[in-house]
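S.K.:
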Amino acid sequence: MKFLQSVTSLLLAGCSLACAGPTPGHAAVQPKHPHKIAPKVFIISMFEPEAEVWWGIPEFNLLAHNITVPGASPLFPDVYCTADYSVCQLITGEGEINAAVTVNAVAFSPLFDLRHTYFFVAGIAGVNPKMATTAGVIFARYAVQVALQYEIDIRELPRNYSTGYIPMGSTFPDQYPQNIYGTEVFEVNADLRSLAVSFAKKANLSDTATAKAYRANYATQDGVFKAATEGPSVVECDVATSDVYYSGLILGDAFDNTTTLLTNGTGKYCASAQEDNATLEALLRSSARNLTDFSRIIVMRTASDFDRPYPGVSASYNLFNSAEQDGFTPAIQNLYVAGIQVVEGILAGWNSTFAAGVKPRNYVGDIFATLGGTPDFGPGRAEALEGAGALKKRGMERKMHSRAKRS
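Structure follows, in structure tokens:
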């Protein structure tokens, strides 16, 4: 009896995890499929509010099919797809680890053929008031893992340090990292981004009176936060990835500098999020195996709150009273309002443009040039691999192999 009770408890516990995610009543579970699912667009959401905004819309029904994917988030175990499977959606769960594991599970799943699929990262983010404003829509070319650094508590910093973040293997904040992990920077297709921006600019973006009034606090004589005081718009700038949800002028400026440093001066820090480098690393690895196409990725973030306070208030006030900004609701709405223009633009132009792919004129990939080409950021492929210890490791392996043969 105790054994049966234990088994029952385990089954119930497993069910409570599996059933925790959204399971709309009219979505039919499809355990078997006559062929591999080959969506034209795959929407990547990070948590439930970002996902729900795509449900019940007039353009298509994302809940026509549920596909359970082994390895997906225990909170969100299913991929949702339209009746014809042309558009699908996954929910990664928040944070870098959840994003990497979930996207990896989908990208390597035998259920899908994703070689021609456009991956559309569509989530909310913090925003740099120097570059954009709340409810605005941001399309990134670079994703930069800004918190992958040494850290010293600011109360213990040397006097000549401007921040407690120091690049790996370096001794000062403005030095290029000497130890390379490989996930520091990703660059996506700038030509595809331009097309996505042209679609999104057709949207009539959502806003609120409260958000508009709050933005007025960022008016200054020098105009440094002019972008923050304006209404929401579609802008092209870049996204910082950090599991740490940060707030303040010092951290904002530090990660702005990190973005500039790691992109060789090309990137423009605009949005702060928790998942994008993780998502892109998973898609890079699947693209290296010809399971996905890294040139078919769009990264869109809508701004829900400012990453630093307006003059006269504290970083803690900015963080803990962010609801006063009233950016969350219009940011969520604009994921759909702007995003549907992108999805429909791809679908409408499939035969003429998107089936064959949009050939990038810029470098696409990571700092190691895993997919080929020459990175326009970083120290160069050989130096990056050396900074990661890869050349030393490979050399050691060759030496050990030679010794084994001689013995």
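Positions -20 to -1, 1 to 387 (mature numbering (1 follows the signal peptide of the UniProt record, and there is no 0)) are the ones given, in order, by the sequence shown. We treat Cβ as the ideally placed atom computed from N, Cα and C, and that holds for glycine. Note that the structure is predicted; figures quoted are calculated from it, not measured.
Ignoring anything shorter than 3 residues or poking outside the segment 129 to 201, list the beta strand (DSSP E) runs there in chain order.
M.R.: Segments of the beta strand (DSSP E) lying fully in the segment 129 to 201: 129 to 131, 145 to 147 and 165 to 167.
S.K.: What three-state label does DSSP hand Tyr316 in the structure shown?
M.R.: Here residue 316 refers to the residue found at position 336 when the sequence shown is read from its first residue. Note: Tyr316 maps to helix in three-state DSSP.
S.K.: So, does the segment 292 to 307 touch the segment 138 to 156, judging by three or more C-beta pairs under 8 Å?
M.R.: Contact fails: fewer than three Cβ-Cβ distances are below 8 Å.
S.K.: Can you find a C-beta in chain C that's less than 8 Å from the C-beta of Ile320?
M.R.: The chain inventory of the structure shown lacks chain C, comprising one protein chain alone.
S.K.: Which of the three DSSP states is assigned to Val101 in this structure?
M.R.: Position 121 of the sequence shown, counting from 1, holds the residue named residue 101. The DSSP-derived three-state label of Val101 is strand.
S.K.: Does DSSP put Gly106 in a helix, a strand or coil?
M.R.: Walking along the sequence shown from the start, residue 106 turns up at place 126. Gly106: strand per DSSP, three-state reduction.
S.K.: For the structure I just gave you, are there three or more beta carbon pairs, one from the segment 235 to 244 and one from the segment 340 to 359, closer than 8 Å?
M.R.: yes
S.K.: Please report the Cβ distance between Phe100 and Val21, rounded to the nearest whole angstrom; I am assuming they are in contact, meaning their Cβ atoms lie under 8 Å.
M.R.: Taking the first residue of the sequence shown as position 1, residue 100 is located at position 120. Taking the first residue of the sequence shown as position 1, residue 21 is located at position 41. The Cβ separation is near 6 Å, so the contact holds.
S.K.: For Leu263 and Asn84, I'd like the C-alpha separation in whole angstroms.
M.R.: One-based indexing of the sequence shown puts residue 263 at position 283. One-based indexing of the sequence shown puts residue 84 at position 104. Distance between the alpha carbons of Leu263 and Asn84: 7 Å.
S.K.: If contacts are defined as beta-carbon pairs under 8 Å, then Ala335 and His15 qualify, I think. What distance do you get, rounded to the angstrom?
M.R.: The residue given as residue 335 occupies position 355 in the sequence shown. The residue given as residue 15 occupies position 35 in the sequence shown. Going by Cβ atoms, the distance from Ala335 to His15 rounds to 18 Å, so no, they are not a contact pair.
S.K.: To the nearest angstrom, report how far apart Glu366 and Met111 are at their CA atoms.
M.R.: The residue given as residue 366 occupies position 386 in the sequence shown. The residue given as residue 111 occupies position 131 in the sequence shown. Cα-Cα distance, rounded: 35 Å.
S.K.: Rounded to whole angstroms, what's the CA-CA distance from Arg121 to Tyr226? Just pull it up for me.
M.R.: For the purposes of this step, residue 121 is identified with residue 141 of the sequence shown, where counting begins at 1. For the purposes of this step, residue 226 is identified with residue 246 of the sequence shown, where counting begins at 1. When rounded, the distance between both Cα atoms is 22 Å.
S.K.: Kindly indicate which three-state DSSP category Gln10 falls into: helix, strand or coil?
M.R.: Within the sequence shown, numbered from 1, the residue matching residue 10 stands at position 30. Residue placement at Gln10 cannot be trusted, given a pLDDT of 46 that sits under 50; what the coordinates show is reported in the next sentence. Coil at Gln10, not helix or strand.
S.K.: Could you pull out every residue in the same chain whose Cβ sits closer than 6 Å to the Cβ of Ser222, ignoring the five residues on either side in sequence?
M.R.: By one-based count along the sequence shown, residue 222 stands at place 242. The residues are Val126 and Ala127.
S.K.: Going by the DSSP bridge assignment, what does Phe286 pair with across the sheet?
M.R.: The count along the sequence shown starts at 1 and reaches residue 286 at position 306. Bridge partners of Phe286: Val107.
S.K.: Helix, strand or coil for Gly75 per DSSP?
M.R.: Your numbering for residue 75 matches position 95 in the sequence shown. It is coil, neither helix nor strand.
S.K.: For Gly144, which residues in the same chain have their Cβ closer than 7 Å to its Cβ, ignoring the five residues on either side in sequence?
M.R.: Numbered from 1 along the sequence shown, position 164 holds the residue referred to as residue 144. Hits under 7 Å: Glu131, Ile132, Asp133, Ile134 and Leu137.
S.K.: Where does Ala220 sit, in a helix, a strand or coil, going by DSSP?
M.R.: For the purposes of this step, residue 220 is taken as residue 240 along the sequence shown, with counting starting at 1. DSSP, reduced to helix, strand and coil, places Ala220 within a strand of the structure shown.
S.K.: On the criterion of 16 or more Cβ atoms from any shown chain inside 10 Å, does Asp306 qualify as buried, or is it exposed?
M.R.: As a working note, residue 306 is residue 326 in the sequence shown. Burial call: buried.
S.K.: Which class does Tyr297 belong to by DSSP, given the choice of helix, strand or coil?
M.R.: Within the sequence shown, the letter at position 317 stands for residue 297. Correct three-state label for Tyr297: helix.
S.K.: Whose C-beta lies closer than 7 Å to the C-beta of residue 403 among residues of the same chain, with five residues either side of it excluded?
M.R.: What is shown of the chain runs -20 to 387, which leaves residue 403 out entirely.
S.K.: Which same chain residues end up closer than 6 Å to Ala199 when comparing Cβ atoms and leaving out the 5 residues on each side of it in sequence?
M.R.: Counting from 1 along the sequence shown, the entry for residue 199 is found at position 219. Take Ala199, set aside five residues on each side of it, and the residues of its chain with a beta-carbon closer than 6 Å to its own are Thr209, in chain order.
S.K.: Determine the burial state of Arg341: buried for a count of at least 16 other Cβ atoms within 10 Å of its Cβ, exposed for fewer.
M.R.: Position 361 of the sequence shown holds residue 341. Answer is exposed; the Cβ neighbour count stays below 16.
S.K.: Could you have a look at Ser252 and say whether DSSP puts it in helix, strand or coil?
M.R.: Against the sequence shown, residue 252 aligns to sequence position 272. The answer is strand: DSSP assigns Ser252 an E or B state.
S.K.: Assign Ala123 to one of three DSSP states: helix, strand, or coil.
M.R.: The residue you call residue 123 lines up with position 143 of the sequence shown. Here Ala123 sits in strand by DSSP.
S.K.: How many angstroms separate the CA atom of Gly369 from the CA atom of Gln129?
M.R.: Start at 1 with the first residue of the sequence shown, and residue 369 comes out as number 389. Start at 1 with the first residue of the sequence shown, and residue 129 comes out as number 149. In a straight line, the C-alpha of Gly369 is about 17 Å away from that of Gln129.
S.K.: Distance check for Pro291 and Ala31, CA to CA, integer angstroms please.
M.R.: The residue given as residue 31 occupies position 51 in the sequence shown. The residue given as residue 291 occupies position 311 in the sequence shown. Computed Cα separation, rounded: 34 Å.
S.K.: By Cβ distance below 7 Å, which residues in the same chain neighbour residue 471 in space, the five residues on each side in sequence not counted?
M.R.: Look at the range of the chain in this structure, -20 to 387, and you will see that residue 471 is not part of it.
S.K.: So for Ile347, helix, strand or coil by DSSP?
M.R.: Working through the sequence shown from its first residue, we reach residue 347 at position 367. Of the three classes helix, strand and coil, the one that applies to Ile347 here is coil, per DSSP.
S.K.: Below 8 Å on the Cβ atoms is my contact criterion, and I expect Asp64 with Asn46 to pass it. Report the Cβ-Cβ distance as a whole number of Å.
M.R.: Within the sequence shown, residue 64 is the residue found at index 84, counting from 1. Within the sequence shown, residue 46 is the residue found at index 66, counting from 1. Not confirmed; about 15 Å, so no contact.
S.K.: Quick one: give me the first and last residue of the beta strand (DSSP E) that Phe235 is part of.
M.R.: If you number the sequence shown from 1, residue 235 lands on position 255. From DSSP, Phe235 is part of no beta strand (DSSP E) but of the alpha helix (DSSP H) over Leu229 to Leu242.
S.K.: Determine the burial state of Glu39: buried for a count of at least 16 other Cβ atoms within 10 Å of its Cβ, exposed for fewer.
M.R.: Taking the first residue of the sequence shown as position 1, residue 39 is located at position 59. Counting Cβ neighbours within 10 Å, Glu39 comes out exposed, since fewer than 16 surround it.
S.K.: Under a three-way DSSP split, which group does Gly367 fall into?
M.R.: Taking the first residue of the sequence shown as 1, we reach residue 367 at position 387. Gly367: helix per DSSP, three-state reduction.
S.K.: As a quick exercise: from Ala18, Ala105 and Leu42, pick the residue whose alpha carbon is nearest that of Asp285.
M.R.: If you number the sequence shown from 1, residue 285 lands on position 305. Looking at the Cα atoms, Ala105 is the closest of the given residues.
S.K.: Please name the residue or residues paired with Thr272 in a DSSP beta bridge.
M.R.: Walking along the sequence shown from the start, residue 272 turns up at place 292. According to DSSP, Thr272 shares a beta bridge with Leu94.
S.K.: Tell me which residues share the same chain as Ala258 and place their Cβ nearer than 6 Å to its Cβ, disregarding the 5 neighbours each side in the sequence.
M.R.: Stepping through the sequence shown from its first residue, residue 258 is reached at position 278. Taken in chain order, the residues that qualify are Glu76, Ala79 and Ala80.
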